[in-house]
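Asker: Just passing along the structure, written as structure tokens.
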Amino acid sequence: MFWTAFVWGLLGSFHCIGMCGPIALALAGKDKNKFLLNKLLYNSGRTITYAFLGGLVGLLGFSMALAGIQQWLSILTGGVLLLMAFSYRKSEKWVANSVFSTSLAQLKIRLGRSIKPGGTRAFVFSGLLNGLLPCGLVYMALVASLAMQSPLQGMAYMFFFGLGTFPVMILLMISGNIFSMGFRIKINRFVPYFALLMGALFIVRGMGWGIPYLSPKLSFASNQTTELLDANITHCE
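This note's numbering puts the first residue of the sequence shown at -3, with every later residue one more than the last.
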């Protein structure tokens, strides 16, 4: 499923230009030497934050898998993605107007301050903070990482998602006018349909029909539970 994360990041990065674009361009303006390294550091910072969030969500998925509901978790993930497919922008507005609004305001202030000095540190720190800004595409990817049912796989999923955003964001920082509005609108039209495909894949995966790679039989939870019980029994003896 990791290839889907990269494609998701690649397609979603055209939507991210609207929110992250001004920040990326502001940083690019302070990169007087036009080094590619600083641009890579900024986008790596975002990816590190995404991976960290993916690890947390993957840990939650792991806990739910141990409870024996891994198949239902995959089906639920697919259902949520189907619901979000054509309304993922609403999640950004909901977060922005929720109890997190004060924290987001402080985050934006710190992000603005981190950009001002310029230099390598500004690129890295701004990238780390930027990964916390409200983004419907990120939320959808995090929902998908929940179904990975492992902290490491959740991190890996979000890492590949962040990696998928590299090409567009770096090209934007090199040349701010490289993507026309019309082109971005055309690409953004594919995002909901890709989300529908992802949702369907997770539902089919959760059905456990025994189809290799597509819908394998999931026995993760039972095996892990047995191993934990055996370990506890051995320790007591």
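All residues carry an ideal CB built from backbone N, CA and C; glycine is no exception.
If you drop the 5 nearest sequence neighbours on each side, which residues of the same chain put their C-beta closer than 7 Å to that of SER110?
Answerer: Counting only Cβ-Cβ distances below 7 Å, and skipping sequence neighbours, we find ALA118, PHE121, SER122, LEU125.
Asker: How long is the line joining the alpha carbons of LEU36 and ASN173, rounded to whole angstroms?
Answerer: LEU36 and ASN173: Cα-Cα distance of roughly 19 Å.
Asker: Can you look up ARG185 in the DSSP assignment and give me helix, strand or coil?
Answerer: Correct three-state label for ARG185: coil.
Asker: Can you tell me whether PRO18 is helix, strand or coil according to DSSP?
Answerer: In this structure, PRO18 counts as helix in the three-state DSSP scheme.
Asker: Could you tell me whether the Cβ atoms of LEU6 and PRO113 are closer together than 8 Å?
Answerer: No, Cβ-Cβ distance for LEU6 and PRO113 is not below 8 Å.
Asker: If you count every other CB in all the chains shown that lies within 10 Å of the CB of ALA1, and 16 or more means buried, which is it?
Answerer: It is buried - the Cβ of ALA1 has at least 16 other Cβ atoms within 10 Å.
Asker: Where do the N-terminal and C-terminal ends of the alpha helix (DSSP H) with ILE67 fall, by residue?
Answerer: According to the sequence displayed, residue 67 carries Gln and not Ile. Note, GLN67: alpha helix (DSSP H), 66 to 80.
Asker: Enumerate in chain order the residues of its own chain whose CB-to-CB distance from THR116 is below 7 Å, with the five nearest sequence positions on each side excluded.
Answerer: Contacts found: ASN34, LEU37.
Asker: Which residues bound the alpha helix (DSSP H) around GLY123?
Answerer: First-last of the alpha helix (DSSP H) with GLY123: 115 to 126.
Asker: What first and last residue would you give for the alpha helix (DSSP H) that runs through PRO163?
Answerer: Looking at the DSSP string, the run of the alpha helix (DSSP H) that includes PRO163 is 147 to 170.
Asker: Using beta-carbon positions only, say whether LEU168 and ALA20 come within less than 8 Å of one another.
Answerer: Yes, Cβ-Cβ distance for LEU168 and ALA20 is below 8 Å.
Asker: CA-CA distance, MET(-3) and ARG106?
Answerer: C-alpha separation (whole angstroms): 35 Å.
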